[in-house]
Amino acid sequence: MGVSKRNPWLSGLGVLLAVLVVSGGLARADVTSDTPGSIVIFPKVIADGTRDTLIQLTNTSNTSTSAHCWYFDATNNCQPNDFSVDLTAQQPIYWRVSTGRSTGDASGGNFLGNVPKRINFQGELKCVQVDGSDAPTMGNSLKGEALLETVGTSDTIATGQVSEYNAIAIQAIANPVPHCLNNPGVVCATDGDCPSGDLCSITLSLDDHTYNACPRDLVITHYAEGASDIYTGATVHNELTLVPCTEDIEHDRPTDPNTSVPVVAQFRVVNEAEFGPLSGAIPFTCWLNIGLDDVRLGGIYDHNTAGTFVKTRIPTDPGVPGVGLLGVLEEFHTLSGGKAGTAAADLHMVGDRPGPPGGDTITLPQTTGSK
Amino acid sequence: MVNTRRIASAVRAGLVLGACLLGCVSPARALTTSDKPASILVWPKIIVDTNSALQSRPTDTIIELGNVNTSSVKQAHCFYINANSHCSEAAAEPGKVCLGPSDCPLPGVTAPTGPNASCVPGWSEIDFDVKITPEQPLQWRASTGLARKDFPLPDAGLCTNHPDQSCNPSSSVNTCGGAGVCAVVPSNAGSGVPPTPEDPFVGTLKCIQFDPNSNPPAPDQGSGHNALIGAALIEETTTPSVDLQRYNAVGVTHLNDVESNPGQVQLDGTQYATCASTLILNHIFDNAPDPLDSEGASSTGVTTDLTLVPCGDDFLRQDPGNATAQYLVFNEFEQRLSTSRKVDCFFERQLSLIDTNTSTRSIFSFNVQGTLVGQTRIRGVGGASTGHGLLGVALTDINGSGVGYNLQQSGNNSGIDIITIP
Numbered sequence: 060m061g062v063s064k065r066n067p068w069l070s071g072l073g074v075l076l077a078v079l080v081v082s083g084g085l086a087r088a089d090v091t092s093d094t095p096g097s098i099v100i101f102p103k104v105i106a107d108g109t110r111d112t113l114i115q116l117t118n119t120s121n122t123s124t125s126a127h128c129w130y131f132d133a134t135n136n137c138q139p140n141d142f143s144v145d146l147t148a149q150q151p152i153y154w155r156v157s158t159g160r161s162t163g164d165a166s167g168g169n170f171l172g173n174v175p176k177r178i179n180f181q182g183e184l185k186c187v188q189v190d191g192s193d194a195p196t197m198g199n200s201l202k203g204e205a206l207l208e209t210v211g212t213s214d215t216i217a218t219g220q221v222s223e224y225n226a227i228a229i230q231a232i233a234n235p236v237p238h239c240l241n242n243p244g245v246v247c248a249t250d251g252d253c254p255s256g257d258l259c260s261i262t263l264s265l266d267d268h269t270y271n272a273c274p275r276d277l278v279i280t281h282y283a284e285g286a287s288d289i290y291t292g293a294t295v296h297n298e299l300t301l302v303p304c305t306e307d308i309e310h311d312r313p314t315d316p317n318t319s320v321p322v323v324a325q326f327r328v329v330n331e332a333e334f335g336p337l338s339g340a341i342p343f344t345c346w347l348n349i350g351l352d353d354v355r356l357g358g359i360y361d362h363n364t365a366g367t368f369v370k371t372r373i374p375t376d377p378g379v380p381g382v383g384l385l386g387v388l389e390e391f392h393t394l395s396g397g398k399a400g401t402a403a404a405d406l407h408m409v410g411d412r413p414g415p416p417g418g419d420t421i422t423l424p425q426t427t428g429s430k
Numbered sequence: 005m006v007n008t009r010r011i012a013s014a015v016r017a018g019l020v021l022g023a024c025l026l027g028c029v030s031p032a033r034a035l036t037t038s039d040k041p042a043s044i045l046v047w048p049k050i051i052v053d054t055n056s057a058l059q060s061r062p063t064d065t066i067i068e069l070g071n072v073n074t075s076s077v078k079q080a081h082c083f084y085i086n087a088n089s090h091c092s093e094a095a096a097e098p099g100k101v102c103l104g105p106s107d108c109p110l111p112g113v114t115a116p117t118g119p120n121a122s123c124v125p126g127w128s129e130i131d132f133d134v135k136i137t138p139e140q141p142l143q144w145r146a147s148t149g150l151a152r153k154d155f156p157l158p159d160a161g162l163c164t165n166h167p168d169q170s171c172n173p174s175s176s177v178n179t180c181g182g183a184g185v186c187a188v189v190p191s192n193a194g195s196g197v198p199p200t201p202e203d204p205f206v207g208t209l210k211c212i213q214f215d216p217n218s219n220p221p222a223p224d225q226g227s228g229h230n231a232l233i234g235a236a237l238i239e240e241t242t243t244p245s246v247d248l249q250r251y252n253a254v255g256v257t258h259l260n261d262v263e264s265n266p267g268q269v270q271l272d273g274t275q276y277a278t279c280a281s282t283l284i285l286n287h288i289f290d291n292a293p294d295p296l297d298s299e300g301a302s303s304t305g306v307t308t309d310l311t312l313v314p315c316g317d318d319f320l321r322q323d324p325g326n327a328t329a330q331y332l333v334f335n336e337f338e339q340r341l342s343t344s345r346k347v348d349c350f351f352e353r354q355l356s357l358i359d360t361n362t363s364t365r366s367i368f369s370f371n372v373q374g375t376l377v378g379q380t381r382i383r384g385v386g387g388a389s390t391g392h393g394l395l396g397v398a399l400t401d402i403n404g405s406g407v408g409y410n411l412q413q414s415g416n417n418s419g420i421d422i423i424t425i426p
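Below, the structure written as structure tokens:
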């Protein structure tokens, strides 16, 4: 009978691997709303005549950089519309979504870019940090804020009510490498490097290897629907906005509802008395902006059921690719006959969704990186 | 054989180097956070002024606190830090809460220009405990607190034969009667939130996750750490309207169970995350017109109010943290201007009044900068263990409506901040 002999080298290797795993686990940084990153996501952008949005984007580094951005118009199946801006060292820039902004405008700044104006727009804005050739790069120096304001005088919410949230930033860990779209193992520089008919494409992998992975769960505390504010007595309404982490801009998914695979936002609600969890689910393909009194949620947020104050957890399966979510919550407090008070909040993010087998990806169109 | 050894040696060296690199990287990523559960939560700005004695409108703050752990009760040991200033004994109303000397006229003086007594800065703390059941969200008004009986789950035990009947599971007397037994249930028993010690009140709330089973009480350094989330909703009423300013509490994550001074919490990148070396505030410059006001003429301008608090505090000796905040202000032309100001326990000021008393002459003013938006980088500089890093929040007023938002951050503070607990 053979006796297995412990190999000290292998034992040491095991220990080192364990250290690597532990250290790697600690080393990962998560998607955040309070540190700069290489991908900046504004989940809720409105310019529909009733509300407008001021976007602020800032370069926090001492070297100039650029951002390639996409608006995803949820009123049109999230049709992407892209533009680029250049930012000098430490430069803060802004634009109003309904008017856009161009180089040399009269607003007194040093703006370098051409942001198209968006009208009747509801959707998402996503910016990817790129180098001089328009290729994604791991600068981790972009941050942003969105200021939503009700405009005009004839709207239902009334003029002057404002909400602000920090854009969600995803940090890069390594520079993404282009590869053939249908042959992911083949690194390429041009389409000619790929098998016939295949395209050289850039996929941003949110997997804790190239970019940080999206959160496993989103969590937030908030009033129930129709609850009375404990100080003002105002009636509270909540609006939740979610966007998928995974986006395939190259193939117009989720632009094409026929080819898009919907993600499912699951809601688990617990109230102050630990009643619950109540649960609901809504599938969507590109942008979900719902009142929490949405009939598809079956009244789980109704204050008559849920009480006054609740916590919402929106979980995802970390082992399933492409189902990560990001979002913001906006609340509206209304007294009879008065204008609503509004406030937006970044959701808390718990855990992460490393890949593979999980993880999320953003597939950029072939033109990116070809400037 | 030699080659095999060389390869093995090289591989081993590579693995050691890799482990070192990864290990070295991890502490650098540990920063405070405003969107993750944590073991220490800081609400930099709590305002209560229900009679609008100092604020222009009646104001209160709703505190939100939640436990994201799905299986166990968590305890938050919290400190209200009262940063009110008070009129000196020479004033007509000694001890009155004041914002400045003009709130403290001398006896018999009615002229608004004085002379005045002094407005003396103050700092004091009160502490309390909140136990939060798994996944439970809690909220309370800062002005009224939350009495023990008003917690949603006040009963530590319920009778097995009468589930609606509360009982004391630690009592030797069975009050359930019959075959009933007093069963322990997850509850808020032992919790109580006092009202803020004054109204008006301005100050900070800090909560540290404690181990509910520890005796004596001690910070929770177990596997269920980093379970707390929080937010604040500052509400102003102008009947029939409401104005809301919301921000997330700033969190400090627990990293490792480290044997240290039991009365100290160390924000050193080993036991707890460090505070950031730089806070980044993006803002519209003060006095700028509202960029989204379609009608223009109704615009009364934009101002931003900044609140900063030191990361460390000595609650044992009642010694507040202090540091100097250095401000670097960039406009859209990449022009850089700077100023600095002391942060002594609690700092709250309109941006354009940080460097001058004449707002339009400030480096934070649209009149001086010439562009709408700016980036302000704030760096805490201090030598004491309670004053290396800073935490903060910004509230912007646009045409009389406010928004709150969290500051962003960058880089680890090289100093160690310490919170000393009584």
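Heads up: the sequence lines are chains D and U, in that order.
Under the working numbering, the residue at position 279 of the first sequence is numbered 338, and the numbers go up by one with no gaps.
Under the working numbering, the residue at position 167 of the second sequence is numbered 171, and the numbers go up by one with no gaps.
Every residue, glycine too, gets a C-beta built ideally from N, C-alpha and C.
- Within the segment 331-357 of chain D, the residues whose Cβ lies closer than 7 angstroms to some Cβ of chain U are Glu-331, Ala-332 and Glu-333, listed in chain order.
- Interface residue (Cβ-Cβ distance to chain U less than 8 angstroms): Asn-297 (chain D) is not classified as such.
- For Thr-364 (chain D), the uninterrupted alpha helix (DSSP H) run begins and ends at 362-365, by DSSP.
- Taking the Cα of Phe-351 (chain U) as reference, the smallest distance to any Cα among U:Pro-216, U:Trp-144, U:Gln-379 and U:Gly-396 is reached at U:Gly-396.
- With its beta carbon at least 8 angstroms from every one in chain D, Arg-383 (chain U) lies outside the interface.
- Of U:Thr-274, U:His-90 and U:Ser-43, the smallest CA-CA separation from His-229 (chain U) is found for U:Ser-43.
- Under the DSSP assignment, Phe-319 (chain U) falls outside any alpha helix (DSSP H); it carries neither an H nor an E label.
- The C-beta distance from Asn-225 (chain D) to Glu-298 (chain D) rounds to 17 angstroms, too long to meet the 8 angstroms contact threshold.
- If you draw a straight line from the Cα of Glu-390 (chain D) to the Cα of Asn-241 (chain D), it is about 44 angstroms long.
- Neighbours of Gly-194 (chain U) in chain D, taken as residues whose beta carbon is under 8 angstroms from its own, are absent, since the nearest beta carbon is some 16 angstroms off.
- Per DSSP, Asn-371 (chain U) lies in no beta strand (DSSP E) segment; the continuous alpha helix (DSSP H) that holds it begins and ends at 370-373.
- Thr-291 (chain D) has a beta carbon lying within less than 8 angstroms of a beta carbon in chain U.
- Sequence-distant partners of Thr-117 (chain D) (beyond 5 residues in either direction) whose C-beta falls short of 6 angstroms from its own C-beta, in its chain, are Pro-151 and Lys-202.
- Here Pro-198 (chain U) has Ile-130, Phe-132 and Gly-149 as same chain residues with Cβ atoms under 7 angstroms from its own Cβ, once five neighbours each way along the sequence are excluded.
- Below 8 angstroms, enough C-beta pairs join the segment 199-214 of chain U and the segment 76-83 of chain U to call them touching: three or more.
- Nearest in C-alpha terms to Ile-421 (chain D), of all of D:Thr-280, D:Ile-229 and D:Gly-251, is D:Ile-229.
- Residue state for Ser-344 (chain U) is assigned as strand, using DSSP reduced to three classes.
- Phe-368 (chain D) reaches chain U at Pro-141 and Gln-143, counting residues in chain order whose Cβ is nearer than 7 angstroms.
- For Arg-275 (chain D), the secondary structure class from DSSP, reduced to helix, strand or coil, is coil.
- DSSP lists D:Tyr-153 and D:Glu-204 as the bridge partner or partners of Gln-115 (chain D).
- If you compare the alpha carbons of D:Asn-121, D:Asp-276 and D:Ala-283 with that of Gly-378 (chain D), the shortest gap goes to D:Asp-276.
- Not a single C-beta of chain U is nearer than 8 angstroms to the C-beta of Phe-101 (chain D).
- Closest by C-alpha distance to Asn-252 (chain U), out of U:Ala-193, U:Val-134 and U:Ile-233, is U:Ile-233.
- In terms of beta-carbon proximity, Ser-92 (chain D) lines the interface with chain U, with at least one pair separated by less than 8 angstroms.
- If you draw a straight line from the Cα of Gly-393 (chain U) to the Cα of Gly-184 (chain U), it is about 55 angstroms long.
- U:Pro-119 is the residue among U:Gly-419, U:Pro-119, U:Asp-294 and U:Ala-329 whose C-alpha sits nearest the C-alpha of Ala-96 (chain U).
- Spanning the alpha carbons of Gly-273 (chain U) and Leu-310 (chain U) requires a straight line of approximately 26 angstroms.
- In terms of Cα proximity to Arg-250 (chain U), the closest of U:Gln-412, U:Lys-49 and U:Gly-196 is U:Lys-49.
- Contact between Thr-94 (chain D) and Gln-339 (chain U) is absent: CB atoms are separated by about 25 angstroms, not below the 8 angstroms threshold.
- Val-354 (chain D) sits in a helix when the DSSP states are folded into three classes.
- Within the segment 220-236 of chain D, the residues whose Cβ lies closer than 8 angstroms to any Cβ of chain U are, in chain order, Gln-220, Val-221, Ser-222, Glu-223, Tyr-224 and Asn-225.
- Listed by position along chain D, the residues whose Cβ is nearer than 9 angstroms to that of Thr-257 (chain U) form an empty set, because the closest Cβ is around 11 angstroms away.
- Here DSSP, grouped into helix, strand and coil, assigns Pro-105 (chain U) to helix.
- By the Cβ-count criterion, Glu-331 (chain D) is buried, with 16 or more other Cβ atoms from all chains shown falling within 10 Å of its own Cβ.
- Ser-161 (chain D) sits in a strand when the DSSP states are folded into three classes.
- With a threshold of 8 angstroms between beta carbons, Pro-424 (chain D) makes no contact with chain U.
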